[in-house]
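Undergrad: Residue numbers (the working numbering): -6 to 654.
Quick one: structure below, then a few questions.
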């Protein structure tokens, strides 16, 4: 090798440029030649193959270096392959410290980035950067999972660095695209961003024009002395932003209509920006839950630097509620919000409706604190049955799948509570016109509950008493009286102590008998007992509860075991009683019972009703055979009956019923 000649080859199995960039494999670097004339080649293989070839030379006499990059291909896992469209030429005068670079045209096959008029001078460098019609949708793989952007982007920027201070004059324009974040979609016509920066002032202008007149945003901001004091000034204007665009962002709304407007000025510094102006939101909403309709709302925030006064009202189901409070965002989001409403109609999902007088305060600090009182002077809880989704599973039920482990199970259990960063202290009082009409029960509901939650616990606690008065029920074709029914709250709000007693209405029961049910204990661990006066067997009590008379009237054979089976079957069929009574009520009959009779192959589903206290009419349909049976029973005297039967055969029986111990 001649003096001054270099012939160097370097091979590396792995080269990693950054943590998130896939390593380059099987790379080789070849340098050969002299200072006056030399060449360089860099290549990497595997699926991250990249290639660079260049040559150049230095004229010692003129002290000028010249070089040419002939080929450049860069392949990476974070961007599409990039290459130069034309060779790039470089000259640099080492005596004057000046130089230039020809236009660099980079392309990824979809867009072109041109860097032109590159000039090098002592302590400075300058260039012009142009990006034309870049497809923003190509950025999808670099954006968060729930985000997407499309449109055509163009950029023109004049950049120079003098010493350590950059001077920038840039114009960015995007047009005919859409911005998507989670479920919110914002189609736009144009977005323009202008930037001018020097050592003493940074100026920005942003305008965004949404399609179909859905809103116009204009922001002008200046930062004086951007490297030291960073004083902020400017103006912000948001005109007629359509709230419809946010409907899909939450599952809580079927529709959201209205407009949002912002107009104000900027002040302060970049570290502590201040906003002076007005923010207003007007519109209407239809919640997806069955709680009614927000007919209209009008909320305004008058901002004064780092504080603001909120004032507004909303109309829920035709009644007004007022909102007012103070906000402070100087260091973090703080504030107080008062919510006041009288006779506010509320739909209780699919379980009725009520009117509420709400006077509460929400305090936003390091914790969220809710205080106040809610009075419910009038309400109606009404439903025919409880949906399966509304029935809570056993408190120890855990869903186990293939990915379950102890850690995930514990996490799911801990998620059942309310966040500890929340405090609740609210009194709920029921007025004199709150009623329940549910599953055959009709009663007045009275009482009050104090709802409390401390920040050191995720358990919502309750203290107070809710009880029923004038309660009557109609189940299984019979009438019942609620002697007492109360829920005593002492601890967990969702597991009150229950104490209730229900008896058969004396007017619908035979004999001088009292039969009923007592329910006691916490709501998640109830103890149910049957009782009677005089005392009798559980089967006998069940007969009075379901049929209104003793077992001797419920069976022909006198077999109490068979009667028990029939009673249990009646319980299973009892959910259809309400429908059945509605149908036969057209024909003037009340108290229709759907039950069973017979045993084994002779088991029948039986519909029966009493035409009077002595005459019972019934029709039975065979469960295991196709034999149907029509019966008419007449009570001649206690325990003595005449029964007329029409089936495969017709018969008249005289029956005397008695029990043997």
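From the three backbone atoms N, C-alpha and C, an ideal C-beta is built for every residue, glycine too.
Taking the Cβ atom as the reference point for each residue, do residue 102 and residue 143 lie within a distance shorter than 8 Å?
TA: No; because the gap between Cβ atoms is not below 8 Å, this pair is not in contact.
Undergrad: In angstroms with no decimal places, state the Cα-to-Cα distance between residue 264 and residue 254.
TA: Rounded to whole angstroms, residue 264 to residue 254 spans 25 Å at the Cα level.
Undergrad: Spatial neighbours of residue 607 within its chain, please: C-beta separation below 7 Å, excluding the five flanking residues on both sides.
TA: Cβ neighbours of residue 607 beyond the five flanking positions: 627, 628.
Undergrad: Helix, strand or coil for residue 397 per DSSP?
TA: Reliability fails at residue 397, whose pLDDT of 45 lies under 50, so the model's placement of it is uncertain and the value that follows must be treated cautiously. In the structure shown, residue 397 sits in coil (DSSP, three-state: anything other than H, G, I, E or B).
Undergrad: Entirely within the region 18 to 48 and at least 3 residues each: give me those beta strand (DSSP E) ranges in chain order.
TA: Runs of the beta strand (DSSP E) inside the region 18 to 48: 31 to 38.
Undergrad: Going by C-alpha to C-alpha distance, which of 624, 2, 647, 240 sits closest to residue 630?
TA: Cα-wise, what sits closest to residue 630 is 647.
Undergrad: Opposite residue 348 in the DSSP bridges: which residues?
TA: Beta-bridge pairing links residue 348 to 338, 371.
Undergrad: Whole angstroms are fine: how far does the CA of residue 510 sit from the CA of residue 516?
TA: Each residue's alpha carbon lies about 16 Å from the other.
Undergrad: Report the option in 192, 174, 187, 135 whose CA atom is closest to the CA atom of residue 153.
TA: Per the Cα distances, 192.
Undergrad: What do you get for residue 446, buried or exposed, if any count of 16 or more other CB atoms within 10 angstroms of its CB means buried?
TA: Flag for residue 446 reads buried.
Undergrad: Applying the criterion that 16 or more other CB atoms from any shown protein chain within 10 Å of the CB defines a buried residue, is residue 281 buried or exposed?
TA: Exposed is the call here.
Undergrad: Pull up the distance between the alpha-carbon of residue 184 and that of residue 202, whole angstroms please.
TA: Spanning the two alpha carbons is a distance of roughly 6 Å.
Undergrad: Which stretch, first to last residue, makes up the beta strand (DSSP E) that contains residue 256?
TA: It spans 246 to 261 - the beta strand (DSSP E) in which residue 256 sits, taken as one unbroken run.
Undergrad: Straight-line CA distance for residue 316 to residue 439?
TA: Their Cα atoms are separated by approximately 29 Å.
Undergrad: Using three-state DSSP, classify residue -2 as helix, strand or coil.
TA: It is coil, neither helix nor strand.
Undergrad: Under the assumption that residue 58 contacts residue 87 (Cβ atoms under 8 Å), give the Cβ distance between them as a whole number of angstroms.
TA: Right, the Cβ-Cβ distance comes to about 7 Å (below 8 Å), so this counts as a contact.
Undergrad: Assign residue 239 to one of three DSSP states: helix, strand, or coil.
TA: It is helical.
Undergrad: Tell me whether the beta-carbon of residue 493 lies closer than 8 Å to the beta-carbon of residue 479.
TA: Contact flag set, yes.
Undergrad: Leaving out five residues before and five after residue 124 in sequence, what residues of the same chain have Cβ atoms less than 6 Å from its Cβ?
TA: These residues qualify, in order along the chain: 106, 148.
Undergrad: Mind checking who residue 228 pairs with in its DSSP beta bridge?
TA: Paired residue(s): 213, 258.
Undergrad: Please report the residue range of the beta strand (DSSP E) in which residue 636 lies.
TA: Here the beta strand (DSSP E) through residue 636 covers 633 to 639.
Undergrad: Apply the 10 Å Cβ neighbour rule to residue 659 and answer buried if 16 or more other Cβ atoms are within range, or exposed otherwise.
TA: Residue 659 cannot be examined here, being either before or after the span of the chain that is shown, -6 to 654.
Undergrad: With 16 as the cutoff for other CB atoms within 10 Å, does residue 403 come out buried or exposed?
TA: Because residue 403 carries a pLDDT of 43, less than 50, the predicted location of this residue cannot be relied on, and the following value inherits that uncertainty. By the 10 Å Cβ count, residue 403 comes out exposed.
Undergrad: Take residue 418 and list the residues in its own chain whose beta-carbon comes closer than 6 Å to its own, dropping the five residues that flank it on each side.
TA: The residues are 364, 445.
Undergrad: Anyone know if the C-beta pair for residue 351 and residue 361 falls short of 8 Å?
TA: Taking 8 Å as the Cβ cut-off, residue 351 and residue 361 do not qualify as a contacting pair.
Undergrad: DSSP beta-bridge partners for residue 479?
TA: 460, 492, per the DSSP bridge assignment.
Undergrad: Candidates 453, 424, 448: which alpha carbon is nearest residue 462's?
TA: When each option's Cα is compared against that of residue 462, the closest is 424.
Undergrad: Please classify residue 90: is it buried, with 16 or more other beta-carbons within 10 angstroms of its beta-carbon, or exposed?
TA: It is exposed - the Cβ of residue 90 has fewer than 16 other Cβ atoms within 10 Å.
Undergrad: Are residue 332 and residue 296 close, meaning C-beta to C-beta below 8 Å?
TA: No. Outside cutoff.
Undergrad: Have a look at the DSSP bridge pairing and note the partners of residue 628.
TA: Partner(s): 634.
Undergrad: Does the beta-carbon of residue 609 have 16 or more other beta-carbons within 10 angstroms, so that it is buried, or is it exposed?
TA: Per the 10 Å Cβ criterion, buried.
Undergrad: Which same chain residues end up closer than 6 Å to residue 521 when comparing Cβ atoms and leaving out the 5 residues on each side of it in sequence?
TA: Closer than 6 Å at Cβ, skipping near neighbours: 512.
Undergrad: In three-state terms, what does DSSP make of residue 416?
TA: Residue 416 falls in the strand class under three-state DSSP.
Undergrad: Given this structure, state the Cα-to-Cα distance separating residue 375 from residue 431, to the nearest angstrom.
TA: One C-alpha to the other measures close to 5 Å.
Undergrad: For residue 523, report the span of its beta strand (DSSP E) as first-last.
TA: Looking at the DSSP string, the run of the beta strand (DSSP E) that includes residue 523 is 518 to 526.
Undergrad: Mapping the DSSP letters down to three states, classify residue 288 as helix, strand or coil.
TA: Looking at residue 288 - three-state DSSP - the assignment turns out to be strand.
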